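Visitor: Take this structure first; my questions come after.
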Amino acid sequence: MGTLPQLAVVKGKLCPLQPTLLHRTFESNVDKFCGTDTALIYNDEDGRGEVQINYHALNSTANRLATAMLHRIKEQARSQPNTDGDYIVAVCMHPTDRLVTTLLAIWKAGAAYLPIDPTFPPNRIQHILGEAKPALVVYDADYDNAAIFGKTPAVSYAELRKRASDLSNANIRPEAMLGKGEAQLALVLYTSGSTGVPKGVRLNHETILNRLQWQWGRFPYSATERIGVFKTALTFVDSVSEIWGPLLNGMAIVIVPKRITNNPEKLVDLLERYRIERLVLVPTLLRSLLLYLPLQQQQQQQHQQPQSGSTKLLYHLRIWVCSGEPLQISLAREFFDYFQEGVHQLCNFYGSTEVMGDVTYFVCESRKQLEGYEKVPIGYPLDNTTIYIMSPDLRPVRTEEIGELYVAGLNLAEGYVNGRDPDRFIDNPLAIDPSFGRLYKTGDYASVSKGCVYYQGRMDSQIKIRGHRVDLSEVEANLLGLAGVDKGIVLCYRAGEIDQALLGFVTLEQGAPFQTGLQVEAALGDKLAHYMIPQVVLLESIPLLVNGKIDRQTLLKMYESTNNNDDTQIEIEYDYSDVPAGRLTVAKDLFETVGQVIGRSTRAKICLASNFYELGGNSLNSIITVTQLCGKGYPISITTFIGAKNLGEILDKICADERELAKHQLESANGNAEEGEFDYRMQLTAYPLALEHKSDTINIITSSFFEKADLEQWLKPQIHETDYRDILEDIWTVLIEKGLSFIVKDETGRPVGVSLNFDAHDEPEVTVTSKLIIVFEFLEFVEGPIRDSQLPTGKNQILHSFMMGTCAELSAQENIEAMHFMESEVLKLARRRNFAGIFTTNTNPLTQQLGSNVYRYQTMLDYQVNQFVYSADGTRPFAAAPDSQRAVVHWKDIRCA
1 MGTLPQLAVV KGKLCPLQPT LLHRTFESNV DKFCGTDTAL IYNDEDGRGE VQINYHALNS
61 TANRLATAML HRIKEQARSQ PNTDGDYIVA VCMHPTDRLV TTLLAIWKAG AAYLPIDPTF
121 PPNRIQHILG EAKPALVVYD ADYDNAAIFG KTPAVSYAEL RKRASDLSNA NIRPEAMLGK
181 GEAQLALVLY TSGSTGVPKG VRLNHETILN RLQWQWGRFP YSATERIGVF KTALTFVDSV
241 SEIWGPLLNG MAIVIVPKRI TNNPEKLVDL LERYRIERLV LVPTLLRSLL LYLPLQQQQQ
301 QQHQQPQSGS TKLLYHLRIW VCSGEPLQIS LAREFFDYFQ EGVHQLCNFY GSTEVMGDVT
361 YFVCESRKQL EGYEKVPIGY PLDNTTIYIM SPDLRPVRTE EIGELYVAGL NLAEGYVNGR
421 DPDRFIDNPL AIDPSFGRLY KTGDYASVSK GCVYYQGRMD SQIKIRGHRV DLSEVEANLL
481 GLAGVDKGIV LCYRAGEIDQ ALLGFVTLEQ GAPFQTGLQV EAALGDKLAH YMIPQVVLLE
541 SIPLLVNGKI DRQTLLKMYE STNNNDDTQI EIEYDYSDVP AGRLTVAKDL FETVGQVIGR
601 STRAKICLAS NFYELGGNSL NSIITVTQLC GKGYPISITT FIGAKNLGEI LDKICADERE
661 LAKHQLESAN GNAEEGEFDY RMQLTAYPLA LEHKSDTINI ITSSFFEKAD LEQWLKPQIH
721 ETDYRDILED IWTVLIEKGL SFIVKDETGR PVGVSLNFDA HDEPEVTVTS KLIIVFEFLE
781 FVEGPIRDSQ LPTGKNQILH SFMMGTCAEL SAQENIEAMH FMESEVLKLA RRRNFAGIFT
841 TNTNPLTQQL GSNVYRYQTM LDYQVNQFVY SADGTRPFAA APDSQRAVVH WKDIRCA
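The opening position of the sequence shown corresponds to residue 1 in UniProt numbering, with each subsequent residue numbered one higher.
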C-alpha cells in the first residue's frame, strides 16, 4: 500500500484569543500599573525640546480629544456610519506625540482611524475620502492644503485641542461613543490597486490583537527593553505593531520623524541613545545600514581610546525584523558579517495589509544556518493561522510543488472598503472551524518543504518599493491618463534587487505639453505617491512582438544597454563649467562617483547645481556614494551629504578645510583600488625589487608597520622597530628572486612606497624570534584554512599581497596616490603573471568595508581579533581590542575579470 501524498498545508499554533477593544486594554493598564510611566517620547524641533508624556497624561488628553471629536462630528451631522457600516476618522498628520494621542482618541470615540500621508497628491486624497466617507479629518495645524478635504468636515489638531481643554478627562462610556461602542473596526489602510485606483483594507481590533499576542509570545520584550521605536509611515501596516505592541505592554515609544528615518546617521544615533532592542525595517534600509555602520564605527574609533568589551554600534539591537520586500540571502549573510551570532537575530516576516502585515516568519540566527538555503524562507505560520498552497481549482498541491498562497485564520482583514474585489476574500471549502472559514487570495506563488514556506514570486503586476505595495497597473493607468501621452507601458527593472527601477516607456501625441521625461514625471506627481513615480523614457515608437503585444524584454534591454552600470559605457554628461580651477580635481572625483553610483537612473547632466535625489539618487545609493568618496579620501558625513541642496554645496564642504582633509585622507588611504580609478598628481613608476632598494625598502616597511599597524598596537612595548628589520633581512634574497615585489618612485627618483608579495603556495620560511611571531601566527590562523581548502591549489595561482607601506615623509595626498598606485600595480602584476587571484588580510574597519563594497573583493572570513588564542601560552594577546576590531580575509578572483 502506498503512502498518502503530503499536501502543502501548514498550520500555526492554536491559541485562545479573548476579543477586546484595544483602547480598553490600554485604559485598564493605566489604571492597574503604568500610569506614571513614560508612554511617548518625541524630540521636537519647534522649541519644545524632548517631550515625554506619561500614561496618565496620554490617556487623559486622548479622552478629552475623543469627546471634542464626538461634539464636532455631531455638529456636522456626520454621526451615521458609511456604506460599510463603519465609523471612520481620517488623520493627516506628521509623526509626533500629537499623532499617537489622536489615534488613541479616535479609538476612544468609537471610530477607526484612516491615515492620510500629508505628501499624498490631491487626487489620491480626494479618492480616499470620497470612497471611505470618514466622519471627520484631523490634520496638522501647519498643513497648507486643508481645502483638499472638500466636503469632508476637517479640524486642525490645535483647534481640536483647544476645544478639548475644558472637557472631562474620564474614559468615554460606551453609550457616548459612535455606534454605542460596539464598532469592531480599528483602522483602514489604503494600498495600490490593480484597477488604477487605490483600495482600502478594513482591519478590526481582534485581527490586530491576534497579531500582537503572537508577537508578545514568540518575541517577548526583554527585562531591559523599556522603549520601542515608531518609525514606519502610518500608512504602512507595520506601524500598527510598532505603536501598539509597546503601548499595550506599559512600555514607552520614541516617535521618529521622517527627517531622521531617512538619515542613517541620525537614525543610528537615536537607536543608540535610547538603547532600542528591536527594529522593523525593509531590506533596502537594512542594506543601507550595513553599508553605513562599519564606516561610522571607524570614525568613532578615531576619536575614542581603545577599550575592552563591546563598542560595536547597535550591539543592543538584538531583534531585526525585515518585511515588506523579499529578503535576499546575500543580505542575510552580510548581516552576520557585522552582527554577532547568538546575540542578534534577523527575522524575515511575510504578509500584506490584508493579513495584518504578517502571517509567516523565519528567524536567521547564524551564517551556518543559512548555508542550507538557496533563498531565505518566509517560514512558518503565526498563531491561529493556516497557510494553503493551492492549485487554480482550490485544491492543495503537494509539498515541494508551486501553487498560489492562500491564508485563513484570525489575521484576515474584514475586506475592502465598499466591498471592492470580493474575489480576494472567499469561503474556505477546506475549513471545519469557523475561525478559518474565509480565505485570502494573496496573488503570490509559494511552495512548502518540510513544513517551511518559500516565496516563489507574484502572479500579477504588483511589486514592492521600499516596503510599499505598488501595482504597475495603477501607475500605468495614471501615466496613460495624462494629456499628450499616446501609448505607454510601466515595467520594473530587476525587481527586488539593489538596482531595482520603476520605468515608464511612453510615446507622445503631436503637440503634447511635454518635451522631456522629467516633465512627464512632474505631472505624475499630482496623481501618484512619490514612491510610485517611474523614471519616464520617451520613445519614438514602442517595439511590438509579431502577435502585436508590447515587447517588454526589448524595452528592458534597451534601458540596460543605454546606461550599463557594469562597464564603462555609461552615457552620463558632466558639466564642469562653473567649477573653480583649484577644485576641478575634487569636483571630477565627486561628479564621477555620483554618476557611477546612480548609473542607469541618472536623469540629467551632472553639475554644481545638480541635486543628488533629483538626479535619480535614493537613500541606499547615497550611502554607497559617501562610502566611495571616503574611500577616495574625502571625509564627508551622511548627514552633510543628504542635507546638501546640490553638489556644489557638497563640494564646498569637502574643500572647506584642506588640512583636516589631508589628515583624514592619510587615515583612510589603505584600500584595494582597481586600475585607473585615481587621478594621479605625481608621476609614479614601479620597479621590480633589486639589491639597491634594500635600505629604502626596510626603512619604508619598518616605519609604516611599527607606527600604523592595527594588530601591533596591542603588543607594544614588547615589539620594536628592529624586529621588522630582522625579518626583512632574513627574507631579502628570496624577495628579489621571486620577482613579485616592487618599489615605487616618483618623477624625482624618490622612493615613495613598497609592495611585498609572494606566491601563497611558495612562501619562504621566516624565523621570527621577537613578539612579532604572534602577528605571524595570527595571520596564518585566519589565512591558512582558506588558502589551503577554499582557493586554487598549486603554485602560480594565489598572489599573496603580504605587506604594503609608504614613505613617512609623504603628504596626505601623496600617500593616497602611492597606495592607490600600488594596488593597481598589484592587480597588473597578478594578471601579467597569470595568477588566479589576489589574497590579502585587512584589519582596518574602513578598508574592510571598501574592499567588499567598492573594490569588489570577496570576504572569505570576518574574525573578531580579541578571540585569538596564542598557542605558545594560551593567552589572548589582543584581548584589549574591542569586539568591533576585526580581521577580514579577502580574495579577488581575476580569472574572469
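Positions of the beta carbon are idealized from the N, C-alpha and C atoms, including for glycine. Note that the structure is a prediction, hence the values are computed from the model and not measured.
Straight-line CA distance for residue 899 to residue 843?
Guide: A question about residue 899 goes unanswered here, because the residues of the chain that appear run from 1 up to 897.
Visitor: Return the first residue and the last residue of the alpha helix (DSSP H) that residue 278 is part of.
Guide: Segment 278 to 281 is the beta strand (DSSP E) holding residue 278; no alpha helix (DSSP H) there.
Visitor: Taking 8 Å as the threshold, find out whether the segment 156 to 171 comes into contact with the segment 371 to 383 through three or more Cβ pairs.
Guide: Output reads no: the segment 371 to 383 does not touch the segment 156 to 171.
Visitor: Taking the Cβ atom as the reference point for each residue, do residue 282 and residue 322 lie within a distance shorter than 8 Å?
Guide: Their beta carbons are under 8 Å apart, which means residue 282 touches residue 322 by this criterion.
Visitor: Can the beta-carbon of residue 818 be found closer than 8 Å to that of residue 684?
Guide: Yes, the Cβ-Cβ distance between residue 818 and residue 684 is below 8 Å.
Visitor: Would you give the residue range spanned by the alpha helix (DSSP H) that residue 115 belongs to?
Guide: Unbroken run through residue 115 is the beta strand (DSSP E), 112 to 115; no alpha helix (DSSP H).
Visitor: If you run the structure through DSSP and keep just helix, strand and coil, what is residue 504?
Guide: Residue state, collapsed to three classes: strand.
Visitor: What is the DSSP secondary structure of residue 347, counted as helix, strand or coil?
Guide: Looking at residue 347 - three-state DSSP - the assignment turns out to be strand.
Visitor: In this structure, how does DSSP classify residue 475 when only helix, strand and coil are distinguished?
Guide: Reduced to three states, the DSSP call for residue 475 is helix.
Visitor: According to DSSP, is residue 778 part of a helix, a strand, or is it coil?
Guide: It is helical.
Visitor: Would you identify the three-state DSSP class for residue 12, choosing helix, strand or coil?
Guide: Here residue 12 sits in coil by DSSP.
Visitor: Mapping DSSP to helix, strand and coil, what is residue 688?
Guide: Of the three classes helix, strand and coil, the one that applies to residue 688 here is strand, per DSSP.
Visitor: For my contact list, residue 91 and residue 138 are in at a C-beta cut-off of 8 Å; report their separation, rounded to the angstrom.
Guide: Going by Cβ atoms, the distance from residue 91 to residue 138 rounds to 5 Å, so yes, they are a contact pair.
Visitor: Quick one: residues in its chain with C-beta nearer than 7 Å to the C-beta of residue 725, no 5 flanking neighbours on either side, listed in chain order?
Guide: So the list reads 698, 702, once near-sequence residues are dropped.
Visitor: Give the straight-line distance between the Cα atoms of residue 580 and residue 599, rounded to the nearest whole angstrom.
Guide: Using only the alpha carbons, I get a separation of about 26 Å.
Visitor: Rounded to whole angstroms, how far is the Cβ of residue 739 from the Cβ of residue 792, which I believe are closer than 8 Å?
Guide: About 20 Å separates the two Cβ atoms, so there is no contact after all.
Visitor: If you drop the 5 nearest sequence neighbours on each side, which residues of the same chain put their C-beta closer than 6 Å to that of residue 591?
Guide: Here the set comprises 574, 606.
Visitor: Pick out whichever of 130, 329, 63 has its Cα sitting closest to the Cα of residue 110.
Guide: The shortest Cα separation from residue 110 among 130, 329, 63 belongs to 63.
Visitor: Residue 879 to residue 866, Cα distance in whole Å?
Guide: One C-alpha to the other measures close to 4 Å.
Visitor: Suppose you measure from the CA of residue 555 to the CA of residue 504; what does that come to, to the nearest Å?
Guide: One C-alpha to the other measures close to 10 Å.
Visitor: Is the Cβ-Cβ distance between residue 786 and residue 292 less than 8 Å?
Guide: In this structure, residue 292 does not lie closer than 8 Å to residue 786 by Cβ.
Visitor: So, using beta-carbon positions, are residue 386 and residue 11 closer together than 8 Å?
Guide: Yes, Cβ-Cβ distance for residue 386 and residue 11 is below 8 Å.
Visitor: Identify the continuous beta strand (DSSP E) that holds residue 43 and give its terminal residues.
Guide: Its beta strand (DSSP E) spans residues 38 to 44.
Visitor: Need the endpoints of the beta strand (DSSP E) that residue 886 sits in, please.
Guide: That run of the beta strand (DSSP E) goes 886 to 893.
Visitor: Run the CB neighbour count on residue 72, radius 10 Å, all protein chains shown included, and call it buried at 16 or more, exposed below.
Guide: With 16 or more other Cβ atoms within 10 Å, it is buried.
Visitor: Tell me which same chain residues have a C-beta within less than 7 Å of the C-beta of residue 659, skipping the five on either side of it?
Guide: Any reading at residue 659 needs caution, since the residue's pLDDT is 41, under 50, leaving its predicted position unreliable; the model's value is listed next. There are no such residues.
Visitor: Spell out whether any CB of chain C is found under 8 Å from the CB atom of residue 519.
Guide: Absence of chain C from the displayed structure is noted, only one protein chain being present.
Visitor: Which class does residue 307 belong to by DSSP, given the choice of helix, strand or coil?
Guide: Interpretation of residue 307 is limited by its pLDDT of 41, a score under 50 that renders its predicted location unreliable; no figure is taken from the coordinates.
Visitor: Which runs of the alpha helix (DSSP H) at least 4 residues long sit entirely within the segment 743 to 767? Give them in chain order.
Guide: As far as the segment 743 to 767 is concerned, it has no whole alpha helix (DSSP H) run of at least 4 residues.
Visitor: Look at residue 888 and residue 783 and say whether their C-beta atoms are less than 8 Å apart.
Guide: No, they are not a contact pair.
Visitor: Assign residue 261 to one of three DSSP states: helix, strand, or coil.
Guide: Three-state DSSP puts residue 261 in a helix.
Visitor: By the 10 Å Cβ neighbour count, where 16 or more other Cβ atoms means buried, how is residue 459 classified, buried or exposed?
Guide: Classification of residue 459: exposed, given that the 10 Å Cβ count is below 16.
Visitor: Please look up how many angstroms separate the CB atoms of residue 284 and residue 325, rounded, as I've assumed it's under 8 Å.
Guide: 7 Å between Cβ atoms; contact.
Visitor: Within the chosen definition, does the segment 331 to 346 reach the segment 412 to 419 through at least 3 CB pairs nearer than 8 Å?
Guide: With a cut-off of 8 Å, the segment 412 to 419 and the segment 331 to 346 do not count as touching, because too few Cβ pairs lie within range.
Visitor: Once you ignore the five residues that flank residue 230 on each side, which residues in its own chain have a CB closer than 6 Å to its CB?
Guide: Excluding residues within five positions, the ones whose Cβ falls inside 6 Å are 242, 243, 253, 255.
Visitor: Just reading off the beta strand (DSSP E) that residue 204 is part of, what are its end residues?
Guide: Here the beta strand (DSSP E) through residue 204 covers 199 to 204.
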